[in-house]
Each structure stands twice: as C-alpha cells, then as structure tokens.
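Below you'll find the structure, written out as structure tokens, and then a few comments.
Protein chains in written order, with my numbering: chain A, 1 to 255; chain B, 1001 to 1363.
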C-alpha cells in the first residue's frame, strides 16, 4: 500500500458518556480515495466514532482533522465536504424522492438536478415514490444518493448493507466501488466480513472503544495464518452465498 | 465548495418541503380547514333567520280574509296550512307549533270576522310574541278608516349593520383553527422529525438550526394563512360575514392571524419538548387548546360567563386574538385600535418562547 495523503486524521479520540467511556483514545488515518472499513461488534464504538468525525456529536478529547479542517472550529466547512448516511435515518414525511432531493440540494446549497442524482443510484423509476414505499436496498441507495448531492470528498456509510438480500448487497458494493472510482473517499462500517474483504482497502477492528488491529484485509488474514491458525473445516471453492447467487441470478430485483 | 453557503436557500427549501408535507397530511387539513368550516356551516345556517313563530291555520278556518292576508306577509309569522287537526294538536303539545288560529265569518254582521287563537304552554315565549303581533295587526286593520282621537304612533328603524351569528362565530373559529394548527402541528412535526432522526440527518448538512425553525415556521404560517383566507371568503360569500373595509380588513385579520399563530407555535415547541412519546402529545396539547376553545369566547361571549370565570378567560391569549379579530372584522378597527390585544399576545409570546428555549430538544 503506497502512503497516500491522510484526508481524515484521528488522534487520541476519547468519548465519555456520564459513567461510560464509549471511545478510549483511538487514533487512525483515512487516506484519500480509499475505502476504509470500521469493523467490530455492536457497541464497540464504531458509530460514535463516525458521528464525532461527522460533527454530529461532541468529543470528550482528542484531535480530528477532516481534509485539514478541525472538527472543533470548522464543523460547518466539514459538513460541506462530507456526505453522511446514518444507520437509521428518516426522511421528511409525505414527500416523494424528487422532492426529498430538492430539499437536500437546498440544505447543501447546491443546484443538482434531482433526477440526475436518482439516476446515479438507479432509482429514476421510483422518482414519484415515497421513501417509506421503497425496499430495503432502494432505501439504502436513496440514502447514498443524498450523500452525493454536494459532490463530497468523503462519504460515511454506517452499515449500509444490513438487512439486504445477497443481490441487493452486491448491487450496493458495485455502487460504492463506483463512487470511490469517481474520486470519493469512503468510510464504511459493516458486520459482514466478506463485504469488508471484498470492498475495503484497509480495515480497522474496534473493540471496547479501542482499535485492536488496522491493516489491509490481505495482511490481516496472512498474519492470522502465519500465527498457525487453521479453519476447522476445509474451505471449498464456493460457499452457500455463491450457491444462492448462482440459483437466483445476479440480477437485482425491486421490492 | 466554490460559492458561499446560502442560508436563505436552505430555509426556503425546508419551508417548501414542509409546506408540501403539511398539504398532504390529513390531520393538518382536517384541523385547520374542516373543523372550523363545519362549525361555521352549522352556525351559519342556524343563525340565519332570527325569530319565527309557527302559526297553524285550522283546516276549517276561512282563509280568504284580510287577517290571513296580513299574517302571510308578516316576516315573523310562519303560517302552517297543510296540517290536519291531529297533527296540529300534537304539534301544539310538543311546542313544534306555537299557536293555532281559526277565523270565521261573523254571521251577526259586525265585526266581520272572529279570530279564535289558541296558544300552547309548550311555547310561551313565541306565544307572547304572536300575541303582540296579532294585537298590532288587529289594531291596524280595525282602525284603517278611523282618525285616532288621542295619539298616533309613527315608527321607524335606524338602518344599522346586522350583527349576524357568523360575525361572532367566524373569528372565534378562525382563532381556534390557528390555535390547533399552531400547537398540534408544531408539536407533532418537531417531535416526529426528532424521533425519526430526520433532524439528525439535517444536522449532517451545513444547515443552521435557526433555518430549520424558520423554514417550518414559514410553511406553517403560509398554510394557516391560506386556511384563514379560505374560511374568511367562505364566510363572506356564503354567510354574509361582515368585512367592513373589504380587502384591508382581510389583510388586518391576516396580520393578527400571523401574530396569533407565532404565539401558538411557541406552545407547540414547548409540547414537542416535554412530550415523552408520540401518544402524550395529544393530551398535553389538549390541555392547552381545550380550555382556550371553551373559555376564550370562541362560541359564547365571555361576558356570558360567571364572574369568577371571567378573569381566567381574560388571561388566555386566544381571548385577545378573538377579540381583536371581531373588532377588526365587524367594527372596522385598524391594527392600532387593537394594540392592547396585540400587546397581550406579544407578552404571551415572549413568555412562551422563553419556556420553549428551555425545554425544546433537538435530539
């Protein structure tokens, strides 16, 4: 991995709630134009860390620079250059997708054409639909479309594929890869290791508010193997998900 | 970011989104338009005609005589001619018919006719009205060709504006419509935007908090004003609601509506802040709106309340909005003439927003 510029740098980040420390002084860099994965069990502090970088939450201590801007002083500048997909975000009630896009383009102060944005995530057929009426995969793609309105330098995706069927997941991987190929840095959290292995250039494992490992998926796997680890069951050349995709087709379905 | 961020644009985008959302929300439309309109329709039709006395004509009565002719032209008397004896009897007993008249030619010559009138104890008030109508009528008929010996009455009526029920009801309904859309609408919107993390997503954009509040405010005021114009115009064209200075009066009423709505939205912000769950919003909102609905002169003049209740009525902001609306609409007062009412609403506004700032929650 060649050393790129760090577009996000987190140093000794600590977040304490009344009597509970969610984040214990973690440090990491995210390089420009990579897909960076934050992995770890629920409650490990992934979402808290993301939301502090996104300037949605106050930190207790530590230093965070996003594209050179400090989260303390320039939170509004940061908001202008990032796109955020929240784990469980809602959208304004009673509006269709085009109207929601208009709202967000107003909120970001940009002049995007709603239909063009929807086309980017292949939702042009759903332009007049309400967010509530979308399927899980469509909802996630719409959420991602709203993060792209301000042509951000970085987008944050918090568990975007949770609850999706294999086809919808793959479809979203393609979309995320495409966004990265267009020059955007992606920070993603997920519980699916196959997804992280496939998508991420580097991953950080977070546990109890600390980073316990940070490297490329390949290196991490190699390191484990060289320590003498062996799977109890011999790995076959395909797994059940491959069977699923093979049987039901790669094609992504609506609904 | 090539160009500087435009807060006005963000605010307007929010206002537009919110306005669209309100227009598609059934509860907002029902509270702001349907409710007040139903009351206005009911009272508009009820309060139309003034007093009417139903006078049944006996089937055996002579009908070709000057008495019946005069009665049928009297605006107060409603002659009922198509009922048989049995129907008339039960009608009198229930008070559905106020009196019965039976006129016979006098075989003895003078007077030419004898009118038998039967009143009912089920309708004494209207009976006495009829009594004086009949006395007056008989006197006129009997003295048609006689010059009075003592004195003659010359009657005339000053031409005044008719104060109809609608002139009282409509401003009250308008006020109540503003109160409910202000309190319920604002409370629900901010609570649910917070609960469904819509606001959190907004915070991930460069939008200011004030833009969110202003955007919502503009949308709600816009919607309420459309509702107000609709109610005023329906009232004016269908029920002759008095608008003394025409368009100027409407504009004055709209200014009052805005002031009132801003105050009421303050209550909404407070409710959205103190409500623990969606289901606690209606009861808390009702605690605020119902007493005002009943005590602020929406249906009855507060002068009709017992004296111990009147100070409470006079403490409520809706009382002053209703009062100012009526003065502007019916008496043609300008905004400066109702400065006292406006001042009290502003004091309420300052108080309620001071509370709102303390209890309002963003997340």
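Glycine residues also receive a C-beta, built at the ideal position from the N, C-alpha and C atoms. Just so it is clear, the structure is predicted and the values come from calculations on it, not from any experiment.
Residues of its chain near residue i, where Cβ-Cβ distance is below 7 Å and the 5 sequence neighbours each way are ignored
{"i": "residue 1191 (chain B)", "result": "1272, 1275, 1278, 1281"}
{"i": "residue 1349 (chain B)", "result": "1262, 1263, 1266"}
{"i": "residue 1452 (chain B)", "result": "With chain B represented from 1001 up to 1363, any question about residue 1452 (chain B) goes unanswered, as that position is not in the structure."}
{"i": "residue 1269 (chain B)", "result": "1186, 1190, 1356, 1360"}
{"i": "residue 6 (chain A)", "result": "29, 30, 31"}
{"i": "residue 60 (chain A)", "result": "14, 15, 16"}
{"i": "residue 1188 (chain B)", "result": "1281"}
Alpha carbon of residue i to alpha carbon of residue j, nearest angstrom
{"i": "residue 44 (chain A)", "j": "residue 192 (chain A)", "result": "15 Å"}
{"i": "residue 1201 (chain B)", "j": "residue 1291 (chain B)", "result": "37 Å"}
{"i": "residue 179 (chain A)", "j": "residue 155 (chain A)", "result": "9 Å"}
{"i": "residue 1346 (chain B)", "j": "residue 1334 (chain B)", "result": "17 Å"}
{"i": "residue 142 (chain A)", "j": "residue 86 (chain A)", "result": "12 Å"}
{"i": "residue 293 (chain A)", "j": "residue 237 (chain A)", "result": "Lying before the first or after the last residue shown, residue 293 (chain A) is absent from chain A, which here runs from 1 to 255."}
{"i": "residue 1180 (chain B)", "j": "residue 1217 (chain B)", "result": "14 Å"}
{"i": "residue 33 (chain A)", "j": "residue 50 (chain A)", "result": "17 Å"}
{"i": "residue 1139 (chain B)", "j": "residue 1224 (chain B)", "result": "57 Å"}
{"i": "residue 1016 (chain B)", "j": "residue 1285 (chain B)", "result": "26 Å"}
{"i": "residue 126 (chain A)", "j": "residue 138 (chain A)", "result": "9 Å"}
{"i": "residue 1052 (chain B)", "j": "residue 1085 (chain B)", "result": "22 Å"}
{"i": "residue 157 (chain A)", "j": "residue 196 (chain A)", "result": "13 Å"}
{"i": "residue 2 (chain A)", "j": "residue 1221 (chain B)", "result": "At residue 2 (chain A) the pLDDT is 47, less than 50, meaning the model places this residue with poor confidence; the figure from the coordinates comes in the next sentence. C-alpha separation (whole angstroms): 57 Å."}
{"i": "residue 1116 (chain B)", "j": "residue 1101 (chain B)", "result": "6 Å"}
{"i": "residue 1238 (chain B)", "j": "residue 105 (chain A)", "result": "44 Å"}
{"i": "residue 1120 (chain B)", "j": "residue 1069 (chain B)", "result": "23 Å"}
{"i": "residue 129 (chain A)", "j": "residue 96 (chain A)", "result": "5 Å"}
{"i": "residue 62 (chain A)", "j": "residue 71 (chain A)", "result": "10 Å"}
{"i": "residue 1060 (chain B)", "j": "residue 1077 (chain B)", "result": "20 Å"}
{"i": "residue 1056 (chain B)", "j": "residue 1158 (chain B)", "result": "32 Å"}
{"i": "residue 1148 (chain B)", "j": "residue 1141 (chain B)", "result": "13 Å"}
{"i": "residue 37 (chain A)", "j": "residue 99 (chain A)", "result": "32 Å"}
{"i": "residue 147 (chain A)", "j": "residue 121 (chain A)", "result": "11 Å"}
{"i": "residue 216 (chain A)", "j": "residue 208 (chain A)", "result": "21 Å"}
{"i": "residue 1074 (chain B)", "j": "residue 1023 (chain B)", "result": "49 Å"}
{"i": "residue 1079 (chain B)", "j": "residue 1314 (chain B)", "result": "45 Å"}
Same chain, Cβ closer than 6 Å to residue i, five either side skipped, listed in chain order
{"i": "residue 1173 (chain B)", "result": "1036, 1039, 1040"}
{"i": "residue 1330 (chain B)", "result": "1167, 1242"}
{"i": "residue 66 (chain A)", "result": "8, 78"}
{"i": "residue 1327 (chain B)", "result": "1333, 1338"}
{"i": "residue 1317 (chain B)", "result": "1263, 1345, 1348"}
{"i": "residue 1182 (chain B)", "result": "1261, 1264, 1265, 1268"}
{"i": "residue 131 (chain A)", "result": "91"}
{"i": "residue 82 (chain A)", "result": "152, 154"}
Buried or exposed by the 16-neighbour rule on C-beta atoms within 10 Å, applied to residue i
{"i": "residue 235 (chain A)", "result": "exposed"}
{"i": "residue 1297 (chain B)", "result": "buried"}
{"i": "residue 1177 (chain B)", "result": "buried"}
{"i": "residue 153 (chain A)", "result": "buried"}
{"i": "residue 1005 (chain B)", "result": "buried"}
{"i": "residue 1256 (chain B)", "result": "buried"}
{"i": "residue 1211 (chain B)", "result": "buried"}
{"i": "residue 248 (chain A)", "result": "exposed"}
{"i": "residue 102 (chain A)", "result": "buried"}
{"i": "residue 1204 (chain B)", "result": "buried"}
{"i": "residue 169 (chain A)", "result": "buried"}
{"i": "residue 159 (chain A)", "result": "buried"}
{"i": "residue 19 (chain A)", "result": "exposed"}
{"i": "residue 1008 (chain B)", "result": "exposed"}
{"i": "residue 1287 (chain B)", "result": "exposed"}
Same chain only: Cβ atoms within 8 Å of residue i, ignoring 5 sequence neighbours per side
{"i": "residue 108 (chain A)", "result": "80, 149, 150"}
{"i": "residue 241 (chain A)", "result": "166, 194"}
{"i": "residue 214 (chain A)", "result": "28, 202, 203, 204, 205"}
{"i": "residue 1235 (chain B)", "result": "1040, 1044, 1166, 1170, 1241"}
Handout entry: Short-range partners of chain A found in the segment 1272-1289 of chain B, where Cβ spacing is below 8 Å
Key = Here the close residues number zero.
Practice task
Taking a Cβ distance cut-off of 9 Å, strictly less, list which residues of the segment 1005-1038 of chain B are near chain A, in chain order.
Solution key: Those would be 1005, 1006, 1007, 1009, 1010, 1011, 1012, 1013, 1014, 1016, 1017, 1018, 1020, 1021, 1022, 1023, 1024, 1025, in chain order.
Problem - Near-chain B residues of the segment 225-239 of chain A - C-beta to any C-beta below 7 Å - result: Along the segment 225-239 of chain A, none of the residues has a CB nearer than 7 Å to a CB of chain B.
Exercise for the section: Would you mind listing the alpha helix (DSSP H) stretches within the segment 139-200 of chain A that are 4+ residues and don't spill past its ends, in chain order? Expected result: Within the segment 139-200 of chain A, the complete alpha helix (DSSP H) runs of at least 4 residues fall at 166-181, 193-199.
Handout entry: Inside the segment 1037-1108 of chain B only - alpha helix (DSSP H) runs reaching at least 4 residues
Key = Entirely contained in the segment 1037-1108 of chain B, the alpha helix (DSSP H) runs reaching 4 residues are, in chain order, 1066-1073, 1085-1094.
Handout entry: Complete alpha helix (DSSP H) runs within the segment 1105-1153 of chain B (minimum length 4 residues, chain order)
Key = Considered as a whole, the segment 1105-1153 of chain B harbours 1124-1142 as its complete alpha helix (DSSP H) runs of no fewer than 4 residues, in chain order.
Exercise for the section: Closer than 8 Å, Cβ to Cβ, to anything on chain B: give me those residues from the segment 96-110 of chain A, in chain order. Expected result: Of all residues in the segment 96-110 of chain A, 99, 100, 102, 103, 104, 105, 106, 107, 108, 109 have a Cβ within less than 8 Å of some Cβ in chain B.
Handout entry: Entirely enclosed beta strand (DSSP E) segments - the segment 1299-1324 of chain B, minimum 3 residues
Key = Correct list: empty.
Exercise for the section: May I ask you to list, following chain order, the residues of the segment 130-151 of chain A that have a beta carbon less than 7 Å from some beta carbon of chain B? Expected result: Under the 7 Å Cβ criterion, the segment 130-151 of chain A contributes no residue.
Exercise for the section: Could you pull out every unbroken alpha helix (DSSP H) segment of at least 4 residues lying fully inside the segment 1262-1306 of chain B, listed in chain order? Expected result: Within the segment 1262-1306 of chain B, the complete alpha helix (DSSP H) runs of at least 4 residues are 1281-1295.
Practice task
Enumerate, from N- to C-terminal direction, the unbroken alpha helix (DSSP H) stretches of 4 or more residues contained entirely within the segment 7-78 of chain A.
Solution key: The segment 7-78 of chain A contains these whole alpha helix (DSSP H) runs: 46-53.
Handout entry: alpha helix (DSSP H) segments (min. 4 residues) lying fully within the segment 1006-1035 of chain B
Key = List check, alpha helix (DSSP H) in window: 1007-1023, 1026-1029.
Exercise for the section: Can you give me, in chain order, the residues of the segment 1197-1228 of chain B that have a beta carbon less than 8 Å from any beta carbon in chain A? Expected result: Within the segment 1197-1228 of chain B, 1197, 1198, 1200, 1201, 1202, 1203, 1204, 1205, 1206, 1207 place their CB atoms closer than 8 Å to a CB of chain A, listed in sequence order.
Practice task
Check distances from the C-beta atoms of the segment 52-68 of chain A to those of chain B and list, in chain order, the residues that come in under 7 Å.
Solution key: From the segment 52-68 of chain A, only 54, 56 have a Cβ closer than 7 Å to chain B.
Problem - chain B contacts from the segment 166-190 of chain A (Cβ-Cβ distance under 8 Å) - result: With the criterion set as a beta carbon lying under 8 Å from some beta carbon of chain B, the segment 166-190 of chain A has no members that meet it.
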